[in-house]
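Everything on this sheet refers to the single structure shown next.
Number of protein chains: 2
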Amino acid sequence: MAAHDPTDVWRRPERATVGPKPEHSRNGIATAALRIADDEGLPAVSIRRVAASIGAGAASLYRYVKSHDELVELMMDTVAGEYHLEAGGEHPREKLLNLAHQGRDIMHRHPWLAPLLLTRPSMGPNSLRYLEAAVSALSTVDLPGPAKLQTVAMLSAITSAFVQNELASAPGSGAVDGAAAGRVPYLVEALHSGDYPHLAAAMAGQAHSGHSDEQFAGIVANYLAGAGVPG
Amino acid sequence: MAAHDPTDVWRRPERATVGPKPEHSRNGIATAALRIADDEGLPAVSIRRVAASIGAGAASLYRYVKSHDELVELMMDTVAGEYHLEAGGEHPREKLLNLAHQGRDIMHRHPWLAPLLLTRPSMGPNSLRYLEAAVSALSTVDLPGPAKLQTVAMLSAITSAFVQNELASAPGSGAVDGAAAGRVPYLVEALHSGDYPHLAAAMAGQAHSGHSDEQFAGIVANYLAGAGVPG
DNA sequence: CGCTAATTGCGATCACCGTTCGCAATTAAG
DNA sequence: CTTAATTGCGAACGGTGATCGCAATTAGCG
Numbered sequence: 002m003a004a005h006d007p008t009d010v011w012r013r014p015e016r017a018t019v020g021p022k023p024e025h026s027r028n029g030i031a032t033a034a035l036r037i038a039d040d041e042g043l044p045a046v047s048i049r050r051v052a053a054s055i056g057a058g059a060a061s062l063y064r065y066v067k068s069h070d071e072l073v074e075l076m077m078d079t080v081a082g083e084y085h086l087e088a089g090g091e092h093p094r095e096k097l098l099n100l101a102h103q104g105r106d107i108m109h110r111h112p113w114l115a116p117l118l119l120t121r122p123s124m125g126p127n128s129l130r131y132l133e134a135a136v137s138a139l140s141t142v143d144l145p146g147p148a149k150l151q152t153v154a155m156l157s158a159i160t161s162a163f164v165q166n167e168l169a170s171a172p173g174s175g176a177v178d179g180a181a182a183g184r185v186p187y188l189v190e191a192l193h194s195g196d197y198p199h200l201a202a203a204m205a206g207q208a209h210s211g212h213s214d215e216q217f218a219g220i221v222a223n224y225l226a227g228a229g230v231p232g
Numbered sequence: 002m003a004a005h006d007p008t009d010v011w012r013r014p015e016r017a018t019v020g021p022k023p024e025h026s027r028n029g030i031a032t033a034a035l036r037i038a039d040d041e042g043l044p045a046v047s048i049r050r051v052a053a054s055i056g057a058g059a060a061s062l063y064r065y066v067k068s069h070d071e072l073v074e075l076m077m078d079t080v081a082g083e084y085h086l087e088a089g090g091e092h093p094r095e096k097l098l099n100l101a102h103q104g105r106d107i108m109h110r111h112p113w114l115a116p117l118l119l120t121r122p123s124m125g126p127n128s129l130r131y132l133e134a135a136v137s138a139l140s141t142v143d144l145p146g147p148a149k150l151q152t153v154a155m156l157s158a159i160t161s162a163f164v165q166n167e168l169a170s171a172p173g174s175g176a177v178d179g180a181a182a183g184r185v186p187y188l189v190e191a192l193h194s195g196d197y198p199h200l201a202a203a204m205a206g207q208a209h210s211g212h213s214d215e216q217f218a219g220i221v222a223n224y225l226a227g228a229g230v231p232g
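Those sequence lines, one after another, are chains A and B. Position in the first sequence (first residue = 1) + 1 = the working numbering. Position in the second sequence (first residue = 1) + 1 = the working numbering.
Have a look at this one:
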């Protein structure tokens, strides 16, 4: 197991110097897994499923990826490459807001992403590039280093959480929504019971009128302002 | 399948009117599952494991719970019962801040909770009671109903995300930390590569000096203020 | 009292999962 | 041309959620 020594995906060379040419690539596998996740949800991304989708045996995938978790890590970093990091505004707050909007778009394109981002931070090169850009946007701000990191982390967290809320109340393509789908009948019964008057009243107002763009911008801007990021 | 008709856990009567007395209870099962999750992490909470821990056969659990997801739902609502909803301050912001602090404590007691809260909202009676209390804290605030709900949702989301960050950088009892454990070597190498100067600089500052209590209070208070909650 | 009908506990089983092992086939280097 | 490393992968292992069918138990009713 010579070339596979590093426990780290990103330190491991993709191609060995000896032996037959690999018939697949890390990138191809990640792309295939990504398509499956986008179409059928993250649970559908099993080793066997991905392997079959690229015409490989199940065990063969382990030549490219050490574990299923590593596959997910690859997927996350691949998607992190969708950021356009050069773009941005003048003031720090504008730049971060821009990044947040991009993040929101990415999470909408890949509905499986938001939960993962909150659970396990990605550490691949693309993710690091994003992090660098975000921290770099704070270079003119007088804040201790760790505070900057915390700010960026909370920014991502807020974005993920907001998108999660959006996806939960969205019609959903039938793949990801299922969570609280069947529990609705109990909800209406509970609300009619009179035990939760304020809740019922709050829900009486019609569903949010679709201007969630401004809501998002407002929340993020507000957080950044409070965190001491000028804009 | 007469009494099991309702697809909803909370609408289903626990005890049937006919037949032998159940040897266990929904509550007992939830408690057992809870202990396992607290001790060994959520992945250890399998149907068989929980069944064995209460001296029951695996298939027997399905007499009390329709699926594994439902078990988790039970766990979440059980833990939601740990809130002290009567306590609270004068102003709306104080009340919500109080709830947020309680939520943070609960998530620290049950490290598996934070990720779940962000992924799937709980809908059990205890969770609804919490929601009612939170929305009720906003009764004097002039805000449309949906906006109040959104505020409360974001409050929970921010709390979960913050706790998640805390737990990630905590020593961890060995059960939940493992996420980005082995990926550290690549991180240091990447930082030394010079490709991420701002990131490296930001990480040079010593780790956050433990005053995360004020950090949390500050972030939440700031968000609430921005959301239009007087305090 | 005894019968009926519903419900419980659960062993066996299915399909699927991540992962490991061993081996034939392939290839670059010496 | 030999050698050593690497690839692809069928088969298997242990564990998962879930279903089925059956014996045992029990409340209500005639």
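Ideal Cβ positions, reconstructed from N, Cα and C, are used throughout, including at glycine. Because the structure is a prediction, the values reported are computed rather than measured.
Chain-ordered neighbours of residue i on chain A, where CB pairs are closer than 7 Å
i                         : result
histidine 199 of chain B  : Glu133, Val136, Ser137, Ser140
asparagine 127 of chain B : Result: empty, since nearest Cβ-Cβ is about 12 Å, beyond 7 Å.
Residue i versus residue j - alpha carbon distance
i                         : j                         : result
threonine 79 of chain A   : asparagine 127 of chain A : 7 Å
arginine 94 of chain A    : leucine 192 of chain B    : 25 Å
glycine 29 of chain A     : glutamate 74 of chain A   : 14 Å
glutamate 41 of chain B   : glutamate 87 of chain A   : 44 Å
leucine 11 of chain A     : isoleucine 48 of chain A  : Correcting the residue type first, residue 11 of chain A is tryptophan in the shown sequence and not leucine. Answer to the nearest angstrom: the Cα atoms are 20 Å apart.
glutamate 24 of chain B   : proline 44 of chain B     : 26 Å
proline 231 of chain A    : glutamine 165 of chain A  : 27 Å
methionine 76 of chain A  : leucine 35 of chain A     : 6 Å
leucine 98 of chain A     : tyrosine 187 of chain B   : 29 Å
glycine 146 of chain A    : glycine 206 of chain B    : 5 Å
lysine 22 of chain B      : tyrosine 63 of chain B    : 15 Å
alanine 274 of chain A    : aspartate 143 of chain B  : Only positions 2 to 232 of chain A appear in the structure, and residue 274 of chain A is not among them; the question remains open.
arginine 121 of chain A   : alanine 59 of chain A     : 25 Å
glutamate 246 of chain B  : glutamate 71 of chain B   : Outside the shown range of chain B (2 to 232) lies residue 246 of chain B, about which nothing can therefore be said.
methionine 124 of chain B : serine 194 of chain A     : 15 Å
Closer than 7 Å at the beta carbon, the chain B residues around residue i
i                         : result
threonine 120 of chain A  : Pro116
tryptophan 11 of chain A  : Tyr187
isoleucine 220 of chain A : Met155
Contacts around residue i, its chain only, beta-carbon distance under 8 Å, and the 5 residues preceding and following it disregarded
i                         : result
serine 26 of chain B      : Glu15, Tyr65
leucine 200 of chain A    : Leu192
histidine 111 of chain A  : Leu35, Ala38, Asp39, Val80
methionine 204 of chain B : Leu192
isoleucine 220 of chain A : Ile159, Phe163
Range covered by the alpha helix (DSSP H) that runs through residue i
i                        : result
valine 142 of chain A    : Careful: valine 142 of chain A lies outside any alpha helix (DSSP H) and carries neither H nor E.
threonine 32 of chain A  : 27-41
tyrosine 224 of chain B  : 213-227
leucine 98 of chain A    : 93-110
leucine 200 of chain B   : 198-205
isoleucine 48 of chain A : 48-54
tyrosine 187 of chain A  : 185-193
valine 10 of chain A     : Neither: valine 10 of chain A is in no alpha helix (DSSP H) and is coded neither H nor E.
valine 80 of chain B     : 69-81
leucine 1 of chain A     : Lying before the first or after the last residue shown, residue 1 of chain A is absent from chain A, which here runs from 2 to 232.
7 Å Cβ shell around residue i - same chain, five flanking residues per side excluded
i                            : result
phenylalanine 217 of chain B : Arg105, Phe163
serine 61 of chain B         : Ala52
valine 153 of chain A        : Leu132, Ala135, Val136
isoleucine 55 of chain A     : His25, Gly29, Ile30, Ala33
histidine 69 of chain B      : Ile48
histidine 212 of chain B     : none
Residues near residue i in its chain [Cβ-Cβ closer than 6 Å; skip 5 each side]
i                        : result
leucine 139 of chain A   : Pro93, Lys149
alanine 115 of chain A   : Met108, Ser161, Val164, Gln165
valine 46 of chain A     : Ala34, Ile37, Ala38
glutamate 83 of chain B  : Ile107
histidine 85 of chain A  : none
alanine 226 of chain B   : none
glutamine 254 of chain B : Nothing can be reported for residue 254 of chain B: it is not among the residues displayed for chain B, which extend from 2 to 232.
Listed by chain order, chain B residues near residue i by CB distance under 9 Å
i                         : result
aspartate 78 of chain A   : Correct list: empty, because the minimum Cβ distance to chain B is about 11 Å.
asparagine 223 of chain A : Asn223, Tyr224, Ala226, Gly227, Ala228
Interface partners of residue i on chain A, CB under 9 Å
i                         : result
glutamate 190 of chain B  : Asp9, Trp11, Arg12
methionine 108 of chain B : Ordered by position in chain A, no residue passes the 9 Å Cβ test against methionine 108 of chain B, which lies about 13 Å from the chain.
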